[in-house]
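Peer 1: Quick one: structure below, then a few questions.
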Amino acid sequence: MTAGDADSAVQRHKASIPSLKAKDYKSDVKPVWCPGCGHFGVLAALTKTLAHLALPPERVAVVSGIGCSSRLPAYLAVHGFHGVHGRALPLATGLKAARPELTVIAAGGDGDGFSIGGNHFLHACRRNQDLTYIVMDNEVYGMTKGQASPTTQPDWCRSKLTPHGTGIRRFQPAAIALAAGASFIARGFAGDPNGLTRLLAAAIEHPGFAFVQVLSPCRTFRPEQQAWKQQVHASELGPTHDTAQAAELIQRDDGLSLGLLYEQRIPLYAAGVAADAADDLTAAERLAAIEAEHCR
Ligand SMILES: Cc1ncc(C[n+]2csc(CCOP(=O)(O)OP(=O)(O)O)c2C)c(N)n1
Ligand code: SF4
0 MTAGDADSAV QRHKASIPSL KAKDYKSDVK PVWCPGCGHF GVLAALTKTL
50 AHLALPPERV AVVSGIGCSS RLPAYLAVHG FHGVHGRALP LATGLKAARP
100 ELTVIAAGGD GDGFSIGGNH FLHACRRNQD LTYIVMDNEV YGMTKGQASP
150 TTQPDWCRSK LTPHGTGIRR FQPAAIALAA GASFIARGFA GDPNGLTRLL
200 AAAIEHPGFA FVQVLSPCRT FRPEQQAWKQ QVHASELGPT HDTAQAAELI
250 QRDDGLSLGL LYEQRIPLYA AGVAADAADD LTAAERLAAI EAEHCR
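First residue of the sequence shown: 0, per numbering that gives the first Met the number 0; consecutive thereafter.
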């Protein structure tokens with residue numbers, strides 16, 4: 000075979016691989032979200048991201064907890080698992096340990112991830128397994144009809160459960176992720192699909208635990224969040240690799256700044272052993288290693 004023959008064989012092979020569009024990553028299931036819900040924007044950005052990265056659908060898994068936001072896997076044509084409330088990260092951790100070749104994305108809401116799932120969030124940050132975690136933050140429990148969540152303002156008094164507000168200081172997702180050791184921290188906005196697509200692509204490509212807080216308005220229970228469209232702005236932080244600088248900047252941040260806030264390359268976790276060595280383990284051995292480390 001001549002060099003010319005080989006070149007045209009490569010071209011024919013490339014042409015035989017169908018190039019996927021964002022719509023190809025969408026399932027046939029029609030979202031039950033309220034019209035205008037921010038989660039539509041996250042779904043759109045994620046499908047664009049998967050197409051942009053040309054990830055084969057059979058190599059992607061999206062794992063969620065419970066909530067309006069956690070319905071996301073049903074609307075995607077990739078592997079999906081709709082788990083139990085607050086447990087997206089443990090499920091994603093186990094899946095990635097057993098099937099490291101998969102791109103594993105955990106997703107859910109602020110209630111799911113920071114309230115009942117808060118402890119898992121802390122340890123996923125510090126474990127630095129190669130996962131992406133998308134939290135659709137609308138500062139409310141949407142699915143259960145509008146109770147305060149950990150990111151709700153202390154004086155928000157529109158819920159019958161907290162008619163005088165919660166009086167409790169807000170959970171600070173980016174600051175807590177940094178303190179817990181996350182190696183990638185970004186904030187996006189559901190109303191900015193292009194910006195969010197860029198952040199999600201960077202998060203998925205980041206080798207380690209990538210946390211993306213997405214401001215995703217709840218049209219029904221937090222209608223005032225429609226103002227986010229005018230209020231969000233590009234972060235002045237710029238991505239920094241310096242943890243102390245990131246801590247100072249994130250503390251001064253108004254919570255509405257968008258962009259990659261912090262990124263650091265640190266060793267990956269792989270079932271309690273060095274990532275390279277773990278490649279030789281079978282799925283059962285990896286799970287046994289996790290069990291030995293965490294379930295005694
Ligand atoms: C163990 C358990 N406790 C409580 C619930 C009720 N519950 C379902 S979704 C939810 C909160 C959802 O809020 P969030 O994660 O912020 O998502 P959103 O609906 O706002 O997108 C709660 C408390 C449950 N399903 N399981
Ligand atoms: S209740 Fe809120 S979070 Fe749930 S689908 Fe409706 S707008 Fe979206």
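Each residue gets a CB set at the ideal place from its N, CA and C atoms; glycine is no exception.
Just so it is clear, the structure is predicted and the values come from calculations on it, not from any experiment.
How big is the Cα-Cα spacing for V272 and N137?
Peer 2: Residue placement at V272 is poorly supported in this model, since its pLDDT is 49, which falls under 50; the coordinates are not used for a value here.
Peer 1: Do you know whose CA, among G237, Y261, Q230, T239, lies nearest D253's CA?
Peer 2: Selected option, being the one with the closest Cα: Q230.
Peer 1: Let me know the secondary structure DSSP gives F296 once reduced to three states.
Peer 2: Because the chain spans 0 through 295 in this model, residue 296 falls outside it and cannot be assessed.
Peer 1: Quick check: is any heavy atom of ligand 2 less than 7 Å from the C-beta of F220?
Peer 2: At least one heavy atom of ligand 2 is nearer than 7 Å to the Cβ of F220, so yes.
Peer 1: Cβ of N137 within 7 Å of any heavy atom in ligand 1?
Peer 2: Checking every heavy atom of ligand 1 against the Cβ of N137, one is found closer than 7 Å.
Peer 1: Helix, strand or coil, according to DSSP, for H81 in the structure here?
Peer 2: Three-state DSSP puts H81 in a strand.
Peer 1: How about H84: is its Cβ closer than 7 Å to a heavy atom in ligand 1?
Peer 2: Because some heavy atom of ligand 1 lies under 7 Å away, the Cβ of H84 counts as near it: yes.
Peer 1: Would you give the residue range spanned by the alpha helix (DSSP H) that Q230 belongs to?
Peer 2: Its alpha helix (DSSP H) spans residues 227-230.
Peer 1: Return yes when the Cβ of V134 is within less than 8 Å of the Cβ of P172, no when it is not.
Peer 2: Yes, the Cβ-Cβ distance between P172 and V134 is below 8 Å.
Peer 1: Just curious, the beta strand (DSSP E) that V28 is in, first and last residue?
Peer 2: Here V28 belongs to no beta strand (DSSP E), and DSSP marks it neither H nor E.
Peer 1: Name the one or two DSSP bridge partners that R186 has.
Peer 2: Per DSSP, Q212, G258.
Peer 1: Under a Cβ-count criterion, where at least 16 other Cβ atoms within 10 Å of its own Cβ denotes burial, should L265 be classed as buried or exposed?
Peer 2: As written in the sequence, residue 265 is Ile, which differs from the Leu given in the question. It counts as exposed.
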